[in-house]
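Going line by line, the protein sequences match chains F, E, G and C.
Numbered according to the numbering used here, the first sequence terminates at residue 303, and the numbering increases by one at each position without gaps.
Numbered according to the numbering used here, the second sequence terminates at residue 606, and the numbering increases by one at each position without gaps.
Numbered according to the numbering used here, the third sequence terminates at residue 909, and the numbering increases by one at each position without gaps.
Numbered according to the numbering used here, the fourth sequence terminates at residue 1212, and the numbering increases by one at each position without gaps.
Cβ atoms here follow ideal geometry from the backbone N, Cα and C, with glycine treated the same way.
Quick caveat: nothing in here was measured; it's all calculated off a predicted structure.
Scroll down for the structure; my scribbles are underneath it.
4 protein chains.
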Amino acid sequence: MTIMRLGRVQLRVPNWEESIEYYKNVIGLIETYRDENHVYLKAWDEHDHHSVILEKADSAGLDHLAFKVRFDEDLDTYEKKLNEYGVATERIPAGTRVAEGEAVRFQVPTGQYIELYSQIEKVGNGLPLVNPAPWPDGLVGMAPPRLDHLLIAGEDVEGTTKLLQEVFGFSMAERVVLEDGETPLATWLFVSNKAHDIAVIKGPNGGLHHIAFYLEEWSDIRKAADIIGKNNISLDKGPVRHGITRGTTIYFFDPSGNRNEVFCGGYIAYHDNPTITWTIDNVGEGISFFDKDPGERFTTVFS
Amino acid sequence: MTIMRLGRVQLRVPNWEESIEYYKNVIGLIETYRDENHVYLKAWDEHDHHSVILEKADSAGLDHLAFKVRFDEDLDTYEKKLNEYGVATERIPAGTRVAEGEAVRFQVPTGQYIELYSQIEKVGNGLPLVNPAPWPDGLVGMAPPRLDHLLIAGEDVEGTTKLLQEVFGFSMAERVVLEDGETPLATWLFVSNKAHDIAVIKGPNGGLHHIAFYLEEWSDIRKAADIIGKNNISLDKGPVRHGITRGTTIYFFDPSGNRNEVFCGGYIAYHDNPTITWTIDNVGEGISFFDKDPGERFTTVFS
Amino acid sequence: MTIMRLGRVQLRVPNWEESIEYYKNVIGLIETYRDENHVYLKAWDEHDHHSVILEKADSAGLDHLAFKVRFDEDLDTYEKKLNEYGVATERIPAGTRVAEGEAVRFQVPTGQYIELYSQIEKVGNGLPLVNPAPWPDGLVGMAPPRLDHLLIAGEDVEGTTKLLQEVFGFSMAERVVLEDGETPLATWLFVSNKAHDIAVIKGPNGGLHHIAFYLEEWSDIRKAADIIGKNNISLDKGPVRHGITRGTTIYFFDPSGNRNEVFCGGYIAYHDNPTITWTIDNVGEGISFFDKDPGERFTTVFS
Amino acid sequence: MTIMRLGRVQLRVPNWEESIEYYKNVIGLIETYRDENHVYLKAWDEHDHHSVILEKADSAGLDHLAFKVRFDEDLDTYEKKLNEYGVATERIPAGTRVAEGEAVRFQVPTGQYIELYSQIEKVGNGLPLVNPAPWPDGLVGMAPPRLDHLLIAGEDVEGTTKLLQEVFGFSMAERVVLEDGETPLATWLFVSNKAHDIAVIKGPNGGLHHIAFYLEEWSDIRKAADIIGKNNISLDKGPVRHGITRGTTIYFFDPSGNRNEVFCGGYIAYHDNPTITWTIDNVGEGISFFDKDPGERFTTVFS
């Protein structure tokens, strides 16, 4: 397993100025670079140069997502495995985006573009590497330490899920199945020890349901919710516990209409965990354990 | 100021067996006495014999509420003040209900019956009075330490508010005013140092919006919400922060249709605090600070 | 009962510049006025002009403490009661200190000076009185919403306790008794619904054990402890739970040697609560419930 | 990387009956099997048959620890790598202990015996695999969901660290170095995404500093501390935050003298994280961030 984590998402944000302001001061990401059409951001505890790229665009959505692999040679290995699996790949030269090394790019059956990369400039997490304090001063907003996962949408949930499992070794933590007891409505997949690094749900091809930032604790969720209230952010659902993953969460929208999540908790996932199944009649409980009502927007709005 | 607290509520519960089970095992109250048509309950940290009486009935609602006063002679004092204020009173003899001393009973303009009492048998809080641990073993359910407050409904919000202020010295922590900037839609009143001991809202006369139990912390709110989910309790709203009182809260319904709340946080109230005003167009924020949407049930369902 | 709260402490701080910096940026109080030898500070959720006055001095300690009473006429009433009780009083004219009205001053048997006042300029809590958010932006440090209580020392614990009970109507929440089962080593007294507004412990006459600031929750205690660690503040004890009051707490020293506490939790106190007694052999548990060891400094160092 | 986690510790417990009672009712582990000299226990969210084996013995200490590997063939692979590295191995036949498959056993330079295994009977986590609630009813004590990590002691910290890194691919999250800036006093190693799965510290060969159980949140730490206080458990240190790993923690002793830890928080570790170094003069801060004083016992008592 050499995929380490969801390293990057590039989001399309039509509402340009307001979205930059939002990701910096409401979410609390740190800007590391900006050109005319892009703003590069990182969460405070990430050492890499960026994990979120905002892209000026006409409509909201996900430009691409990228997994960081551990070793440079993984690019070759995975490219070969992808090609053997029947997936076309493309090389993105180093420097195509600021601070990034070379990447391998491909498309999954649900339509999203995924990149793999191992090299990116390190800028540190704002703490010394010798005798660090547990957190730096000067954090603002919700101040998540990390980008955590995302949920992508498309018609062929099974196809994308299978590709991620077979080529990259993702394990399935949980799934929602349709009335037939087999066809997946959604799947939650991990390579790390978190309950999900990526999830896939039935929806419009290429669609994005949400990107999620990690928070440490339930008290951080309340603070995030207060910040949502104070800033008149459009709240979708929460604070609530997911039955799925057991995490506690809030869903809300950035000023461009991309759904964000702040997420904490959830069990420690191991590859020998049995996959948990949710039946379609219990999906409300799976998403929103307290009231069993995910709300209409949750299952119908994508960007 | 000799009213100490909301000492008792008597609730009508048509769904008898299920409601008893619910208050004992979901809320986690302790049964101290039972006759054919009543179950007497207390929260664990209360020393008095009971604070909640369930009454077998044909419809849900509030039979009466009662304030505990500090001194026996307060019964006479308040009876006199009430009569002078133009309110008729009645004496309820000691022993009319189990473990209770004499009470003074009267009706407020919004239609509820209120009793005042100073004597009730003490049964203790399950901890020794010498070298106690901070909490007893064996608590179940949400396990609130205390009954906290209630919200009553009626047409004449101003009348009940004024009576509570003028006869009993309640202070107004907060209020929601209608478009005219003056007429109260609801008022939050305290005699203790909690942001409310009783609140009054426009609604059907004699109506009960909710009774509230006190929880210590935001993590207790999550546990309560988990218990709501695990027991398929009908959740009304939350977890959420109130703009009003700053408390964090969940609203839900007992099996008979009486709304319950678990509540924590909220500022320390003092009588020299200025009254906070909410304008009618911000009432959503006042009730549900995160999403500004209290939901339709919240403002329309009473028992 | 018309004493509302511990309204003010005036502390002697020999380490002048560093102490000002500490109370403003580590504790997170807000400066409202300064003259050559005094800095006036308030906690964010207090409406009054100040609750802590730092006084340039040669040695640490408590200059005086003051209770805010509810009504102007309480000054006369309490002065008369004090005189009848055999305690001499003095009038401190309005304007002797900035923003304050007239005060009545007297000395308790343990040697401290206490003032009573009803008038002080109001400056607000940084939030609007109409449709306020739950907290203001720009808070720094531990950011307690309020000054909470203090613990004073002296030989005649019984004398000061009795005076506070008989003249002002304080109730005793808890006490530690010596081997004889009667003589108090310390008493915890309240007029509000908090487990203590003032406490008295055997020690040097006129001594101060600590002043305490209120925090809302256990997660705030951890943040306060992190700030203690980040700023190299001298920590005395904690985070720990008190057996006494059930509160969770940290004790630490300001740069001048005055002990501070941040405190949260503790039960809601009512005047009809039975007094809890701690025997001298369980005092360790009473102070430090987890490890039963308050440490040597805790019981020997006063300012 | 196919080591998944610290799967098992076998502890020697001279104080037999009291230790069993302690691990079941104070820690809150679940007994799955018992013979005359052994009790098998699991934490609630573990699916495997056991993670802790108590062994009746004359003295406290660690009999062995075991890592669960992902695939059966990993046993061969790692045995070969160990032998090539110059470490002798032994096969432990399936069924030597209840519910376990075959294991590879070897000794590290610091003297501990480590086993590798892939097969163990699964008994589930008390929740259904279809539509599960977030937690089961009936949990007792501190109720950690999982065994988390351990800290072993010995002379050759460098040797054991190097073996774990080179044979098994552990990464070093943090280390404490002696005055020379190089020689490790202790190292923190991970293969998962937790800040440590095993740590190694200078001390008596074969020694055990502590085993640690995972808790989800700071509020669980307070509950654990309350349980320590209520049960008169010998507390060593905490609640406190580690500078190292940023985790929050309590150390305490089982009735046989083995040190236990409950641990929560800590950053998400990735293999590309830079190693953090603590200098020997800051080790107090590394262990006990709030007061910078780990206490004498912490660095001198091993079992």
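**Asked** Is the CB-CB distance between C/N1034 and C/H1119 below 8 angstroms?
**Response** No, these two residues do not count as a Cβ contact at 8 angstroms.
**Request:** Could you tell me if F/E21 is buried or exposed, where buried requires 16 or more neighbouring beta carbons within 10 angstroms of its beta carbon?
**Result:** Exposed, by the Cβ-count rule.
**Message:** Out of F/K56, F/P255, F/F263, F/V240, which one is the CA nearest neighbour of F/H38?
**Reply:** Nearest of F/K56, F/P255, F/F263, F/V240 to F/H38, Cα basis: F/K56.
**Prompt:** Can the beta-carbon of F/F298 be found less than 8 angstroms from the beta-carbon of F/I280?
**Reply:** Pairing F/F298 with F/I280 gives a Cβ-Cβ distance that is not under 8 angstroms.
**Item:** Ranges of the beta strand (DSSP E) found wholly within the region 755-827 of chain G, counting only runs of at least 3
**Value:** For the region 755-827 of chain G, whole beta strand (DSSP E) runs of length 3 or above, ordered along the chain, are 777-783, 790-796, 804-808, 814-820.
**Message:** Tell me whether the region 987-1006 of chain C and the region 1039-1047 of chain C touch, counting them as touching only if at least three CB pairs, one residue from each stretch, are closer than 8 angstroms.
**Reply:** No, the region 987-1006 of chain C is not in contact with the region 1039-1047 of chain C.
**Range of the contiguous alpha helix (DSSP H) that encloses F/F298** = Run containing F/F298: 296-300, per the alpha helix (DSSP H) assignment.
**Asked** Would the beta-carbon of F/V69 fall within 8 angstroms of that of F/L75?
**Response** Taking 8 angstroms as the Cβ cut-off, F/V69 and F/L75 qualify as a contacting pair.
**Asked** For G/N893 and chain C, any beta-carbon pair shorter than 8 angstroms?
**Response** According to the sequence displayed, residue 893 of chain G carries Ile and not Asn. By this cut-off, G/I893 is not an interface position.
**Item:** Listed by chain order, chain C residues near E/K533 by CB distance under 7 angstroms
**Value:** What E/K533 touches in chain C: A1042.
**Prompt:** What are the boundary residues of the beta strand (DSSP E) that F/I280 is part of?
**Reply:** Where F/I280 is concerned, there is no enclosing beta strand (DSSP E), because DSSP gives it neither an H nor an E.
**Asked** Counting pairs of beta carbons, one from the region 691-706 of chain G and one from the region 937-953 of chain C, are three or more of them closer than 8 angstroms?
**Response** In short, these stretches do not touch, since the Cβ pair count stays below three.
**Request:** Output yes or no for whether 8 angstroms exceeds the beta carbon distance between F/V87 and F/F67.
**Result:** No, Cβ-Cβ distance for F/V87 and F/F67 is not below 8 angstroms.
**Item:** Beta-carbon spacing of C/I1159, C/G1175 below 8 angstroms
**Value:** Their beta carbons are not under 8 angstroms apart, which means C/I1159 does not touch C/G1175 by this criterion.
**Message:** With a threshold of 8 angstroms between beta-carbons, can G/S657 be considered close to chain E, or not?
**Reply:** Not one chain E Cβ lies under 8 angstroms of G/S657.
**Prompt:** Can you tell me whether G/L784 is buried or exposed, with buried defined as 16 or more other CB within 10 angstroms of its CB?
**Reply:** Exposed, since its Cβ has fewer than 16 Cβ neighbours within 10 Å.
**Asked** DSSP three-state call for C/E940: helix, strand or coil?
**Response** C/E940 sits in a strand when the DSSP states are folded into three classes.
**C-beta contact flag for E/A502 and E/I579 at 8 angstroms** = When the beta-carbon positions are compared, E/A502 and E/I579 stay at least 8 angstroms from each other.
**Request:** My understanding is that G/L647 touches G/Y629, with C-beta atoms under 8 angstroms, so please give their C-beta distance in whole angstroms.
**Result:** Between G/Y629 and G/L647 the Cβ distance is about 6 angstroms, and since that is below 8 angstroms, they are a contact.
**Asked** If you draw a straight line from the C-alpha of G/P810 to the C-alpha of G/F908, how long is it?
**Response** If you take the alpha carbons of G/P810 and G/F908, they lie about 8 angstroms apart.
**Item:** Within chain G, the residues that E/M307 reaches when beta carbons sit closer than 7 angstroms
**Value:** Correct list: Y876, H877, D878.
**Prompt:** Where does E/I395 fall in DSSP's three states?
**Reply:** Strand.
**Request:** For F/A43, I'd like the list of residues in its chain whose CB is within less than 7 angstroms of its CB, leaving aside the five on either flank, ordered along the chain.
**Result:** Cβ neighbours of F/A43 beyond the five flanking positions: L29, S51, P144, P145, R146, L147, F213.
**Request:** Kindly indicate if chain G contains any beta-carbon less than 8 angstroms away from that of F/E21.
**Result:** The beta carbon of F/E21 sits no closer than 8 angstroms to any beta carbon of chain G.
**Asked** Taking Cβ positions only, does G/H653 come closer than 8 angstroms to chain E?
**Response** At least one chain E Cβ lies under 8 angstroms of G/H653.
**Segment limits, alpha helix (DSSP H) that includes E/I323** = Annotation for E/I323: the continuous alpha helix (DSSP H) segment containing it runs 319-324.
**Euclidean distance between Cα positions of G/Q919 and F/D220** = Outside the shown range of chain G, which is 607 to 909, sits residue 919 of chain G, and nothing can be said about it.
**Message:** Please classify F/P255 as buried or exposed, where buried requires at least 16 other C-beta atoms within 10 Å of its C-beta.
**Reply:** By the neighbour-count rule (16 or more Cβ atoms within 10 Å), F/P255 is buried.
**Prompt:** What residues in the region 58-81 of chain F have a beta carbon less than 7 angstroms from any beta carbon of chain G?
**Reply:** Considering only beta carbons, no part of the region 58-81 of chain F lies closer than 7 angstroms to chain G.
**Asked** Taking the continuous beta strand (DSSP E) assigned at G/T855, which residues delimit it?
**Response** Its beta strand (DSSP E) spans residues 853-859.
**Local Cβ density within 10 Å of G/E823, reported as buried at 16 or more and exposed below that** = Of the residues assessed, G/E823 falls on the buried side of the cut-off, its CB having 16 or more other CB atoms within 10 angstroms.
**Prompt:** Taking the continuous beta strand (DSSP E) assigned at G/D669, which residues delimit it?
**Reply:** In the DSSP assignment, G/D669 falls within the unbroken beta strand (DSSP E) covering 667-675.
**Contact with chain E by C/S1128, beta-carbon distance below 8 angstroms** = C/S1128 counts as touching chain E.
**Prompt:** With respect to the beta strand (DSSP E) encompassing G/K687, which residues constitute its N-terminal and C-terminal limits?
**Reply:** First-last for G/K687: 680-691, but that is the alpha helix (DSSP H), not the beta strand (DSSP E).
**Prompt:** Opposite E/N563 in the DSSP bridges: which residues?
**Reply:** Answer is E/I514, E/F555.
**Host beta strand (DSSP E) of C/K1216 (start-end)** = As shown, chain C starts at 910 and ends at 1212. That puts residue 1216 of chain C outside it, with no answer to give.
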